[in-house]
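A short worksheet on the structure shown next.
Residue numbers (our numbering): -14 to 174.
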């Protein structure tokens, strides 16, 4: 996210980065930290939220509890349902060890379905540069190597599909430019 933060900063958008470690943090601790982070950094100023992957899950969970709502949410490669990869890996000991409680929640459809839907402008960026065909665990579905495009859809959210892999989607210039342009449009309104 550092390249994206650099580009956003150069465009006059002042990013604040939030880090987490799913291996050692619980869901409750991580979401509580995110709420405090947003509340203390954004206060009464207009702001946007830009997340990658699991960050969108945390963000959706804390949105109803924030003292001041964001103007918009930009989610890069967000799992919006119990994704195929998490469901497939959730029973493996090494996945449980590395992904912790949070990784197990990603495999739980009831949990993922219960997450709040953002009520502000929300844009989703999904990658489609993953392997497709008989050698792919996703078959013929467009994917970013971790999530299928369908696993990133969210009711009411606009979606932009880009030729990118999951781990590199935040470096996609078209996405960064789109976030800059959307933010400029929102602040001009």
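Think of the CB as a built atom: it goes at the ideal place given N, C-alpha and C, for glycine as much as any other residue.
| field | Contact with chain D by residue 40, beta-carbon distance below 8 Å | value | In the structure shown, chain D does not exist; there is a single protein chain.
| field | Which of helix, strand or coil DSSP assigns to residue 9 | value | The sequence position of residue 9 within the chain shown is 24, counting from 1. Reduced to three states, the DSSP call for residue 9 is coil.
| According to DSSP, is residue -12 helix, strand or coil? | The residue you call residue -12 lines up with position 3 of the chain shown. Residue -12 falls in the helix class under three-state DSSP.
| query | Among the residues of its own chain, which have a CB less than 7 Å from the CB of residue 72, if the five just before and after it don't count? | reply | Within the chain shown, the letter at position 87 stands for residue 72. 92.
| request: Please state whether DSSP places residue 144 in a helix, a strand or coil. | output: Along the chain shown, read from residue 1 onward, the residue named residue 144 stands at position 159. Looking at residue 144 - three-state DSSP - the assignment turns out to be strand.
| task | Could you check which residue in 76, 38 and 99 has the C-alpha nearest to that of residue 153? | result | Numbered from 1 along the chain shown, position 168 holds the residue referred to as residue 153. Checked all of 76, 38 and 99; the closest Cα to residue 153 is 38.
| Which one or two residues does DSSP pair with residue 110 in a beta bridge? | Taking the first residue of the chain shown as position 1, residue 110 is located at position 125. DSSP output for residue 110 lists 61 and 145 as bridge partner(s).
| field | Straight-line Cα distance separating residue 68 from residue 116 | value | What you label residue 116 is simply residue 131 of the chain shown in a count that begins at 1. What you label residue 68 is simply residue 83 of the chain shown in a count that begins at 1. Spanning the two alpha carbons is a distance of roughly 17 Å.
| What is the residue span of the alpha helix (DSSP H) that residue 137 lies within? | What you label residue 137 is simply residue 152 of the chain shown in a count that begins at 1. Segment: none, residue 137 is in no alpha helix (DSSP H) and carries neither H nor E.
| task | Go to residue 175, then tell me how far its alpha helix (DSSP H) extends in each direction, as first and last residue. | result | With the chain represented from -14 up to 174, any question about residue 175 goes unanswered, as that position is not in the structure.
| query | If residue 2 sits next to residue 47, beta carbons under 8 Å apart, how far is it from one beta carbon to the other, in whole angstroms? | reply | The residue you call residue 2 lines up with position 17 of the chain shown. The residue you call residue 47 lines up with position 62 of the chain shown. For residue 2 against residue 47, the beta-carbon gap comes to about 16 Å, at or over 8 Å, which does not count as contact.
| Option nearest residue -6 by Cα separation, candidates 41, 140 and 35 | Walking along the chain shown from the start, residue -6 turns up at place 9. The shortest C-alpha separation from residue -6 is found at 35.
| said: Quick test of your reading: residue 94 and residue 76, contact by CB under 8 Å. State the CB separation rounded to the nearest angstrom. | reply: For the purposes of this step, residue 94 is taken as residue 109 along the chain shown, with counting starting at 1. For the purposes of this step, residue 76 is taken as residue 91 along the chain shown, with counting starting at 1. Their Cβ separation, rounded to whole angstroms, is 15 Å, which puts residue 94 and residue 76 out of contact at 8 Å.
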